[in-house]
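Visitor: Take a look at this one; I'll ask things after.
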Amino acid sequence: MIFKPKLTVQRNAVPEDWLITESNIDFLEKHKCPDAFVNLKESDVVIWVDPLDGTSEYTQGFLERVTVLIGIAVNERAVGGIIHQPYYEHDTGDIGRTIWGLHGCGTGGILPVEPPSDRFLVTTTRSHSNSIVQSALDAIAPDEVLRVGGAGYKVLQLLEGKAHAYVFASAGCKKWDTCAPEAVLEANGGTLTDMLGRHYQYGKDVSFPNSSGVLGTVTGVSHDDILAKIPDNVKQAMSMY
């Protein structure tokens, strides 16, 4: 595939020489393109790239939590994504793995696992917590809270069955942090919205900050039920942006 001028690439400080403009078409040969994407115009597509999601984790040595994110948005909605874990350690000793998802095709590179049925687990920020974030967590009342960095890694925790929900009631992340994770999670049947239940828009002219937080849930967990537990003070704080 060749990136042409009308296709927009939004990126978080990606050096020009890192951009690969051609890729093999092996995936396209094995999967039928969903009908919704057959006749797209290049101007309908925006690519959101974060070459280092989990910067704080990287600097502090939590390398497995570091991801590279490439999200594909069509008509402002996240529809495809790649989450690459360069430091993931396989049982065989191999390093690195790549997970992908596309609406209408499902996910690859990972075998999703259901979270435990006897406990409710939530993943949230490790380094950007505040009273509003904690208020949301208290209202949801999980049995355990996993505090880790990186939006990509948090969504991988959902897919690996380590958490039922990803809760971040703060304005701390950007569109390039969530486009790919949202697409991958939803390709597997989950849901990712802001803390008010709205999907983010990923068009080329949108503002970069995700000003009203992030709520992600795995398939089988009621997104609406969790939204209903969010207290008014959190909703008001998220509505101010």
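Under numbering that gives the first Met the number 0, think of the first position of the sequence shown as 0, with each following residue one higher. Every residue gets a Cβ at the ideal spot worked out from N, C-alpha and C, and that includes glycine.
Spatial neighbours of T106 within its chain, please: CB distance less than 8 Å, with the 5 preceding and 5 following residues excluded, ordered by chain position.
Guide: Cβ within range, chain order: I98, W99, G100, L158, V183, A186 and N187.
Visitor: List the whole-angstrom C-beta distance separating K228 from A138, where the pair is believed to meet the contact cut-off of C-beta under 8 Å.
Guide: Indeed they touch by this definition, with Cβ atoms about 5 Å apart.
Visitor: By the 10 Å Cβ neighbour count, where 16 or more other Cβ atoms means buried, how is H30 classified, buried or exposed?
Guide: Classification of H30: exposed, given that the 10 Å Cβ count is below 16.
Visitor: Does the separation of the CB atoms of N199 and G53 fall below 8 Å?
Guide: It should be pointed out that residue 199 corresponds to Tyr in this sequence rather than to Asn. No, the Cβ-Cβ distance between Y199 and G53 is not below 8 Å.
Visitor: Which one of S116, C32, R64 and S130 has the shortest CA to CA distance from V78?
Guide: Taking only the C-alpha atoms, the option nearest V78 is C32.
Visitor: Could you please give the first and the last residue of the uninterrupted alpha helix (DSSP H) stretch that includes H222?
Guide: First-last of the alpha helix (DSSP H) with H222: H222 to K228.
Visitor: Three-state secondary structure (DSSP) at L62?
Guide: Three-state result, L62: helix.
Visitor: Based on the DSSP secondary-structure assignment, which residues constitute the bridge partners of K173?
Guide: Looking at the DSSP assignment, K173 forms a beta bridge with P208.
Visitor: Looking at C-alpha atoms only, which residue of G148, I71, I109 and L120 is the closest neighbour of H127?
Guide: Among G148, I71, I109 and L120, the Cα nearest to that of H127 belongs to G148.
Visitor: Going by beta-carbon coordinates alone, are V166 and A140 separated by less than 8 Å?
Guide: No.
Visitor: Leaving out the 5 sequence neighbours to the left and right, which residues in its chain are closer than 7 Å to E56 when beta-carbon positions are compared?
Guide: Counting only Cβ-Cβ distances below 7 Å, and skipping sequence neighbours, we find R64, V65, G148 and G149.
Visitor: Round the Cβ separation of A162 and T122 to the nearest angstrom and send it over; I've been treating them as touching at under 8 Å.
Guide: Indeed, because the Cβ distance is near 4 Å, the residues count as touching under 8 Å.
Visitor: Taking its Cβ as the centre, do 16 or more other Cβ atoms sit within 10 Å of E181, making it buried, or is it exposed?
Guide: By the neighbour-count rule (16 or more Cβ atoms within 10 Å), E181 is buried.
Visitor: What residue range does the beta strand (DSSP E) around Q84 cover?
Guide: Element bounds for Q84: R76 to E88.
Visitor: Starting from L155, follow the alpha helix (DSSP H) in both directions and report where the run begins and ends.
Guide: Unbroken alpha helix (DSSP H) run through L155: A150 to L158.
Visitor: What's the C-alpha gap between L195 and T177?
Guide: Rounded to the nearest angstrom, the two C-alpha atoms are 16 Å apart.
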